[in-house]
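**Student:** Here you go, one structure.
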Amino acid sequence: MIETVSTTPYQDQKPGTSGLRKKVPVFAQPNYAENFIQSVFDCLSGFEGKTLVIGGDGRYYNDVVIQKAIRMAAANGFGRVLVGQNGILSTPAASHIIRKYEAFGGIILSASHNPGGPEEDFGIKYNASNGGPAPEHLTDAIFERTKTIETYKTVQAPDIDLSKTGNYDTAGMAVEVIDPVSDYAALMETLFDFDAIRDLFASGFSITFDAMSAVTGPYATEIIERRLGAPAGTVLNGTPLPDFGHHHPDPNLVHARHLYDAVMGANPPDFAAASDGDGDRNLILGAGIFVTPSDSVAMLAANAHLAPGYAKGLAGIARSMPTSGAADRVAGKLGIGIFETPTGWKFFGNLLDAGKVTICGEESAGTGSDHVREKDGLWAVLLWLNILAARREPLKQIVEKHWAEYGRNYYSRHDYEAIDTGIANGLMDGLREKLPGLAGTEVNGMKIETADDFTYHDPVDGSTSSHQGVRILFEGGSRIVYRLSGTGTSGATLRVYIERYEPDPALHGIDTQEALADLIAAADEIAQIAKLTGRDAPTVIT
Ligand code: G16
Numbered sequence: 032m033i034e035t036v037s038t039t040p041y042q043d044q045k046p047g048t049s050g051l052r053k054k055v056p057v058f059a060q061p062n063y064a065e066n067f068i069q070s071v072f073d074c075l076s077g078f079e080g081k082t083l084v085i086g087g088d089g090r091y092y093n094d095v096v097i098q099k100a101i102r103m104a105a106a107n108g109f110g111r112v113l114v115g116q117n118g119i120l121s122t123p124a125a126s127h128i129i130r131k132y133e134a135f136g137g138i139i140l141s142a143s144h145n146p147g148g149p150e151e152d153f154g155i156k157y158n159a160s161n162g163g164p165a166p167e168h169l170t171d172a173i174f175e176r177t178k179t180i181e182t183y184k185t186v187q188a189p190d191i192d193l194s195k196t197g198n199y200d201t202a203g204m205a206v207e208v209i210d211p212v213s214d215y216a217a218l219m220e221t222l223f224d225f226d227a228i229r230d231l232f233a234s235g236f237s238i239t240f241d242a243m244s245a246v247t248g249p250y251a252t253e254i255i256e257r258r259l260g261a262p263a264g265t266v267l268n269g270t271p272l273p274d275f276g277h278h279h280p281d282p283n284l285v286h287a288r289h290l291y292d293a294v295m296g297a298n299p300p301d302f303a304a305a306s307d308g309d310g311d312r313n314l315i316l317g318a319g320i321f322v323t324p325s326d327s328v329a330m331l332a333a334n335a336h337l338a339p340g341y342a343k344g345l346a347g348i349a350r351s352m353p354t355s356g357a358a359d360r361v362a363g364k365l366g367i368g369i370f371e372t373p374t375g376w377k378f379f380g381n382l383l384d385a386g387k388v389t390i391c392g393e394e395s396a397g398t399g400s401d402h403v404r405e406k407d408g409l410w411a412v413l414l415w416l417n418i419l420a421a422r423r424e425p426l427k428q429i430v431e432k433h434w435a436e437y438g439r440n441y442y443s444r445h446d447y448e449a450i451d452t453g454i455a456n457g458l459m460d461g462l463r464e465k466l467p468g469l470a471g472t473e474v475n476g477m478k479i480e481t482a483d484d485f486t487y488h489d490p491v492d493g494s495t496s497s498h499q500g501v502r503i504l505f506e507g508g509s510r511i512v513y514r515l516s517g518t519g520t521s522g523a524t525l526r527v528y529i530e531r532y533e534p535d536p537a538l539h540g541i542d543t544q545e546a547l548a549d550l551i552a553a554a555d556e557i558a559q560i561a562k563l564t565g566r567d568a569p570t571v572i573t
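Take 32 as the starting number for the sequence shown in the working numbering and just add one per residue.
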């Protein structure tokens, strides 16, 4: 029996860069999750009788919202739900399942790299039939709907037992609890040379992968240990936990410091990697080297032909605007297209669907390809392993050779987390006001060539997205970019992206912060960060 339940709207359900993200106590308010899910359904049409994929990263509150979503899908007229066993689906795996089973769309429950637990973060995101995050016009419509919603639909039905795979039924709608790993692992086998990677491991190549007690544990254990034969114990923290073992599942140099220390210490592993809460981000390290995400997309693109899935070459490369220009140089040499999009994987969807690009990457530790419509942490790890297996050179050497060939883009991101939202908005507004007068002026001895607020014109659907980040471009190609994060859950996070291109190999061995010191000082001078925020240093430097 379908029930129509009265509700009152909330006014704070604006989806951010990657869906609606709030603290668990916010989501636990009466009808909060229901209002958002119904608003999503209200903005879709033609899904009657079709399939909906549901899964998440296993964080606290996933189990509660999954059962709600199943009942609401039944009441709203979906014909079938595919849900991961124990509610688990990594974000890239969910994208693949949507595409493989030609589902109408999917609901992914995750707050990505943010912590989990009763007082921590939670999120709901809708992905469309191409497997990618809902485009901006849809998330805007969903937000509008949340402001006026008065009822939602559900059914009276018992919870589905998610602990076992199998076929179930909720008020007449089919529910299949599926193995979250097997389809994804099979896809990886079509892209990469598993025999070569197995041989590499058998040769004594040592690797460690930290799943950070988050969703990639089961995927990495199946693929890296079972199918590729790495020794048991290669995957650290391989069991997804609702609170990620009290850790912050963000694979950066702060939260995965132990891996950095390991590769920089005595007897380093040949390769170390990590992935985040929902499995779409990656950290890549090798003995004596950290590969920045911006470098990673460039180097993966330059070497992708070594993997069977990309042997035919690439159609093009896309990177988010704040990501360094390293990939542009690779695209230039390969003679393929390069696209600069706003931050957010959703902006790559049209380019991938139109066949204009094969590989995409973002400075925020995301890399991926046209195999799914999300960034994919384990995919990046496997492509690197395939390249290492084919080239049989240390990772550090591959990186240094790349710099020698293309030049090095020194790059760093400085984050100022949890600053007052009013202050953060004021800082950005102040910057925008200054923009028209900046070109031609000098800061810290460096001449500003152009300064603007990035506007993207989607070459596929013609849509325009403005206010996507303030860019200050200096003579010689150095760059500072400022934007506010769209994924934080408390206050505002100011991100400052700093980049300098160095063609001379003799100058490729400088410490990154040192190499960027003049620009870092200029970044503060232009935006008055210390003065306006009262912070004398960033919270996180990557
Ligand atoms: C999300 C998007 C990414 C984007 C990132 C930016 O990542 O999926 O495409 O680069 O947000 O975050 P921010 O707006 O904080 O800079 P995730 O991993 O949180 O889904």
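All C-beta atoms, glycine included, are put in the ideal place defined by N, C-alpha and C.
Cβ-heavy atom distance between Arg350 and ligand 3 below 7 angstroms?
**Tutor:** As for ligand 3, it is missing from this structure, which binds only ligand 1.
**Student:** Is any non-hydrogen atom of ligand 1 found closer than 7 angstroms to the C-beta of Arg312, if you look at the structure I gave you?
**Tutor:** By 1-based counting over the sequence shown, the position of residue 312 is 281. Within the cutoff, so yes.
**Student:** Thinking C-alpha only, which one of Val95, Asp407 and Leu413 is nearest Pro273?
**Tutor:** Here residue 273 corresponds to residue number 242 of the sequence shown, with the count starting at 1. Taking only the C-alpha atoms, the option nearest Pro273 is Val95.
**Student:** Please identify the residue among Asp326, Ser306 and Met219 whose C-alpha is closest to the C-alpha of Lys432.
**Tutor:** Residue mapping note: residue 432 aligns to position 401 of the sequence shown, counting from 1. The shortest C-alpha separation from Lys432 is found at Asp326.
**Student:** With a cut-off of 5 angstroms, give the chain-ordered residues whose Cβ is closer than this to any heavy atom of ligand 1.
**Tutor:** In chain order, the qualifying residues are Thr48, Ser49, Ser143, Thr374, Gly375, Trp376, Glu393, Ser395, Ser516, Gly517 and Thr518.
**Student:** Note down the Cα distance separating Ala342 from Ala125, rounded to an integer number of angstroms.
**Tutor:** For the purposes of this step, residue 342 is identified with residue 311 of the sequence shown, where counting begins at 1. For the purposes of this step, residue 125 is identified with residue 94 of the sequence shown, where counting begins at 1. Going from the Cα of Ala342 to the Cα of Ala125 covers about 26 angstroms.
**Student:** Out of Leu337, Ala165, Gly468 and Arg229, state which residue places its alpha-carbon closest to the alpha-carbon of Phe379.
**Tutor:** The sequence position of residue 379 within the sequence shown is 348, counting from 1. The residue with the shortest Cα to Cα distance from Phe379 is Ala165.
**Student:** Closer than 8 angstroms by C-beta to Ile238: which residues in its own chain qualify, once you throw out the five before and the five after it? Chain order, please.
**Tutor:** In the sequence shown, the residue the question calls residue 238 occupies position 207. Correct list, in chain order: Phe232, Ile255, Ala261, Thr265, Pro300, Asp301, Phe302, Ala303, Ala304 and Leu416.
**Student:** Can you list the beta strand (DSSP E) stretches of 3 or more residues lying completely in the region 283 to 355, in chain order?
**Tutor:** 302 to 306, 313 to 317, 320 to 322 and 347 to 351
**Student:** May I have the straight-line CA-CA distance separating Lys54 from Val412, to the nearest angstrom?
**Tutor:** Start at 1 with the first residue of the sequence shown, and residue 54 comes out as number 23. Start at 1 with the first residue of the sequence shown, and residue 412 comes out as number 381. The straight-line gap from Cα to Cα measures roughly 30 angstroms.
**Student:** What are the start and end residues of the beta strand (DSSP E) that includes Lys427?
**Tutor:** To locate residue 427, count along the sequence shown from 1; it is residue 396. In the DSSP annotation of this structure, Lys427 is not part of any beta strand (DSSP E); the continuous alpha helix (DSSP H) holding it starts and ends at Leu426 to Tyr437.
**Student:** Which residue or residues does DSSP assign as beta-bridge partners of Glu473?
**Tutor:** Looking up residue 473 in the sequence shown gives position 442. For Glu473, which the question treats as bridged, DSSP gives the partners Lys478.
**Student:** Give the range of the beta strand (DSSP E) segment to which Tyr199 is assigned.
**Tutor:** Position 168 of the sequence shown, counted from the start, is the residue given in the question as residue 199. Following the DSSP letters along the chain, one finds Tyr199 inside the beta strand (DSSP E) bounded by residues Gly197 to Thr201.
**Student:** Determine the closest residue to Ala558 out of Ser351, Ala329, Leu515 and His168, with distance taken between C-alpha atoms.
**Tutor:** The residue labelled residue 558 in the question sits at position 527 within the sequence shown. A check of alpha carbon separations from Ala558 across Ser351, Ala329, Leu515 and His168 identifies Leu515 as the nearest.
**Student:** Start and end of the beta strand (DSSP E) containing Asn62?
**Tutor:** Start at 1 with the first residue of the sequence shown, and residue 62 comes out as number 31. No beta strand (DSSP E) holds Asn62; DSSP gives it neither H nor E.
**Student:** Tell me whether Ile138 is buried or exposed, calling it buried when 16 or more other Cβ atoms sit within 10 Å of its Cβ.
**Tutor:** Indexing the sequence shown from 1 puts residue 138 at position 107. By the neighbour-count rule (16 or more Cβ atoms within 10 Å), Ile138 is buried.
**Student:** Are the CB atoms of Met352 and Gln499 nearer to each other than 8 angstroms?
**Tutor:** Indexing the sequence shown from 1 puts residue 352 at position 321. Indexing the sequence shown from 1 puts residue 499 at position 468. A Cβ-Cβ contact shorter than 8 angstroms links Met352 with Gln499.
**Student:** Return the CA-CA distance between Thr524 and Gly235, expressed in angstroms with no decimal places.
**Tutor:** Numbered from 1 along the sequence shown, position 493 holds the residue referred to as residue 524. Numbered from 1 along the sequence shown, position 204 holds the residue referred to as residue 235. Distance between the alpha carbons of Thr524 and Gly235: 43 angstroms.
**Student:** Just the C-alpha distance for Ser70 and Gly507, rounded to the nearest angstrom, thanks.
**Tutor:** The residue labelled residue 70 in the question sits at position 39 within the sequence shown. The residue labelled residue 507 in the question sits at position 476 within the sequence shown. The alpha-carbon atoms of Ser70 and Gly507 are separated by roughly 48 angstroms.
**Student:** Locate the beta strand (DSSP E) running through Phe379, then write down its first and last residues.
**Tutor:** Numbered from 1 along the sequence shown, position 348 holds the residue referred to as residue 379. Here Phe379 belongs to no beta strand (DSSP E), and DSSP marks it neither H nor E.
**Student:** Taking only three categories from DSSP, how would you classify Ile574?
**Tutor:** Look at the range of the chain in this structure, 32 to 573, and you will see that residue 574 is not part of it.
**Student:** Based on the DSSP secondary-structure assignment, which residues constitute the bridge partners of His488?
**Tutor:** On the sequence shown, residue 488 is found 457 positions in, with the first residue counted as 1. Answer is Thr495, bridged to His488.
**Student:** Rank Gly317, Val527, Val474 and Leu414 by C-alpha distance to the C-alpha of Glu394 and give the top, closest one.
**Tutor:** Start at 1 with the first residue of the sequence shown, and residue 394 comes out as number 363. Minimum Cα distance to Glu394 is reached at Val527.
**Student:** Is the Cβ-Cβ distance between Ser160 and Gly136 less than 8 angstroms?
**Tutor:** Locating residue 160 in the sequence shown gives position 129, where the first residue counts as 1. Locating residue 136 in the sequence shown gives position 105, where the first residue counts as 1. Yes, they are a contact pair.
**Student:** Extract the residue ranges of the beta strand (DSSP E) inside the region 195 to 278, only unbroken runs of 3 or more that lie entirely within it.
**Tutor:** 197 to 201, 204 to 209 and 238 to 241
**Student:** Among Lys377, Leu383, Phe505 and Val501, which has the Cα closest to the Cα of Gly476?
**Tutor:** Sequence index remark: in the sequence shown, residue 476 carries index 445 (1-based). Closest option to Gly476, Cα to Cα, is Phe505.
**Student:** Taking Asp152 as part of the beta strand (DSSP E), name the residues at either end of that continuous run.
**Tutor:** In the sequence shown, residue 152 corresponds to position 121, counting from 1. Here the beta strand (DSSP E) through Asp152 covers Asp152 to Asn158.
**Student:** Could you name the residues that DSSP lists as bridge partners for Ala523?
**Tutor:** Taking the first residue of the sequence shown as position 1, residue 523 is located at position 492. According to DSSP, Ala523 bridges with Ile450.
**Student:** For Gly517, tell me which candidate among Asp549, Asn456 and Gly471 has the shortest Cα-Cα distance.
**Tutor:** Taking the sequence shown and counting its residues from 1, the one referred to as residue 517 is at position 486. It is Asn456.
**Student:** Could you tell me how far apart the beta carbons of Leu550 and Ser496 are, in whole angstroms, since I believe they sit closer than 8 angstroms?
**Tutor:** Locating residue 550 in the sequence shown gives position 519, counting from the first residue. Locating residue 496 in the sequence shown gives position 465, counting from the first residue. Actually they are not in contact, since the Cβ atoms of Leu550 and Ser496 sit about 26 angstroms apart, beyond 8 angstroms.
**Student:** From the DSSP output, in three-state form, read off Arg502 for me.
**Tutor:** Here residue 502 is taken as the residue at index 471 of the sequence shown, counted from 1. Reduced to three states, the DSSP call for Arg502 is strand.
**Student:** Helix, strand or coil for Ile367? Go by DSSP, reduced to three states.
**Tutor:** To locate residue 367, count along the sequence shown from 1; it is residue 336. Looking at Ile367 - three-state DSSP - the assignment turns out to be coil, as it is neither helix nor strand.
**Student:** Is the region 76 to 89 in contact with the region 106 to 113, if contact means three or more CB pairs nearer than 8 angstroms?
**Tutor:** yes
**Student:** Roughly how many angstroms separate the alpha carbons of Thr35 and Ala172, rounded to a whole number?
**Tutor:** Taking the sequence shown and counting its residues from 1, one reaches residue 35 at position 4. Taking the sequence shown and counting its residues from 1, one reaches residue 172 at position 141. Whole-angstrom Cα-Cα distance: 22 angstroms.
**Student:** Bridge partners of Ser37, per DSSP?
**Tutor:** The residue labelled residue 37 in the question sits at position 6 within the sequence shown. Answer is Thr182.
**Student:** In three-state terms, what does DSSP make of Gly10?
**Tutor:** There is simply no residue 10 to check, as the chain begins at 32 and stops at 573 in what is shown.
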